[in-house]
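First comes the structure, then the notes that go with it.
Residue numbers (UniProt numbering): 1 to 180.
Set out below in structure tokens:
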């Protein structure tokens, strides 16, 4: 009998901050992931050029090719995105715009993690609408909340809390169940 294969999940952080709570939540999730899931971080957000539809006609920039390849190799995406001025940060929207014309994205399972201590919801609602428009398969009607202590927290601080570990495990159980 062969062991079940691990499902590859690409983690997308919507923040460019050096010390990002969203990135910390994704890193904590990586450490808690069950054996059936392999969570990999995408770290190329800052390298993506501004989206221009004209660039779709010629050779794509290398960072865009790398993004599309990473998305294509993933069985699902896990996104943690902050809220700026009640919206999706521009850099993360730029990443999504580069995926609109790709063959790798439509139908891709996506799970959203809301890493806000204050229960921000505007960006999460906008992000879900963008993803539905892009033909993503949202794995949950609502983003999974992880009530982090605030901006600049670390994965270690998140993992030190039994409540945060339980929230992350619930999210990971959903993800593993949907990909089984």
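Each residue gets a CB set at the ideal place from its N, CA and C atoms; glycine is no exception.
Asked, Found
"Helix, strand or coil for residue 60, going by three-state DSSP, please let me know.", "coil"
"Is it buried or exposed, residue 114, if we count other Cβ atoms within 10 angstroms and call 16 or more buried?", "buried"
"Based on the DSSP output, what are the partners of residue 134 in its beta bridges?", "DSSP, once it has assigned bridges, lists no residue as partnering residue 134."
"What's the C-alpha gap between residue 88 and residue 81?", "7 Å"
"Tell me where the beta strand (DSSP E) around residue 8 begins and ends.", "7-13"
"Check residue 52 in the structure and name its three-state DSSP category.", "coil"
"Got a sec, what are the start and stop residues for the beta strand (DSSP E) residue 99 sits in?", "No beta strand (DSSP E) contains residue 99, which is instead part of the alpha helix (DSSP H) from 90-100."
"Express the C-alpha separation of residue 112 and residue 146 in angstroms, rounding to a whole number.", "11 Å"
"DSSP has residue 110 in a bridge; who is on the other side?", "77, 138"
"Can you give me the Cβ contacts of residue 30 inside the same chain, cut-off strictly under 6 Å, excluding the 5 residues immediately before and after it?", "39"
"Can you list, in chain order, the residues of its chain with a C-beta nearer than 7 Å to that of residue 94? Leave out the 5 residues immediately preceding and following it.", "48, 50, 51"
"Rank 5, 105, 151 by C-alpha distance to the C-alpha of residue 83 and give the top, closest one.", "151"
"Excluding five sequence neighbours on each side, which residues of the same chain lie with their C-beta closer than 6 Å to the C-beta of residue 154?", "24"
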